[in-house]
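Numbering (the working numbering), first residue to last: 151 to 239.
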Amino acid sequence: VQRPGVAEAIAMDVFILRWLAALARRWGRLNTDLPSLVDEWASSLFRELDYRREALNAQRFKTLFSHMQEVYVPSILPQLTTAKVQPAP
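So, in structure tokens, the structure goes:
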């Protein structure tokens with residue numbers, strides 16, 4: 151179960167990181183576009199907050215690595231999974 155307010159807390163953290171990245175880029179001698187790096191990372195992180203997407207990713211992972219006994223992926227209950235709840239059997 152996703153904790154209430156987690157998306158908002160992450161958004162604030164990303165805002166602060168973006169601000170710091172812009173400062174570092176402006177005052178440092180970097181050839182890297184740090185704000186864009188933060189944006190890309192944040193985009194990926196926010197996608198992971200949707201447990202329906204994560205359930206699909208877990209199912210794909212399980213299918214891809216089913217031949218490897220040392221890799222265990224827990225079962226997913228897609229019919230009960232929502233954006234903020236991913237139940238375990």
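Glycine included, C-beta positions come from ideal geometry on N, C-alpha and C. Remember, predicted model here, so these are calculated numbers, not experimental data.
Given residue i as reference, the closest of the options once Cα atoms are compared
i    : options                   : result
L199 : A238, T232 and M162       : T232
L170 : V156, A157, L214 and V188 : V188
L184 : A159, R168 and R153       : R168
F165 : S193, N207 and Q219       : S193
Q229 : L206, M218 and H217       : L206
Proximal residues to residue i (C-beta, below 8 Å), its chain only, five neighbours per side dropped
i    : result
E204 : E198 and Q236
A157 : F196 and L199
Cβ shell of residue i (< 6 Å), same chain only, five flanking positions each side left out
i    : result
V151 : V235
Proximal residues to residue i (C-beta, below 7 Å), its chain only, five neighbours per side dropped
i    : result
Q209 : I226
F211 : V223
Supposed contact pair residue j and residue i - C-beta distance, whole angstroms, cut 8 Å
i    : j    : result
L214 : I160 : Going by Cβ atoms, the distance from L214 to I160 rounds to 28 Å, so no, they are not a contact pair.
A174 : L180 : 7 Å
(Q) Ignoring anything shorter than 4 residues, give me the alpha helix (DSSP H) runs that lie fully in the region 182-231, in order along the chain. (A) Secondary structure within the region 182-231: the alpha helix (DSSP H) runs of 4 or more consecutive residues, fully enclosed, are 184-198 and 201-214 (chain order).
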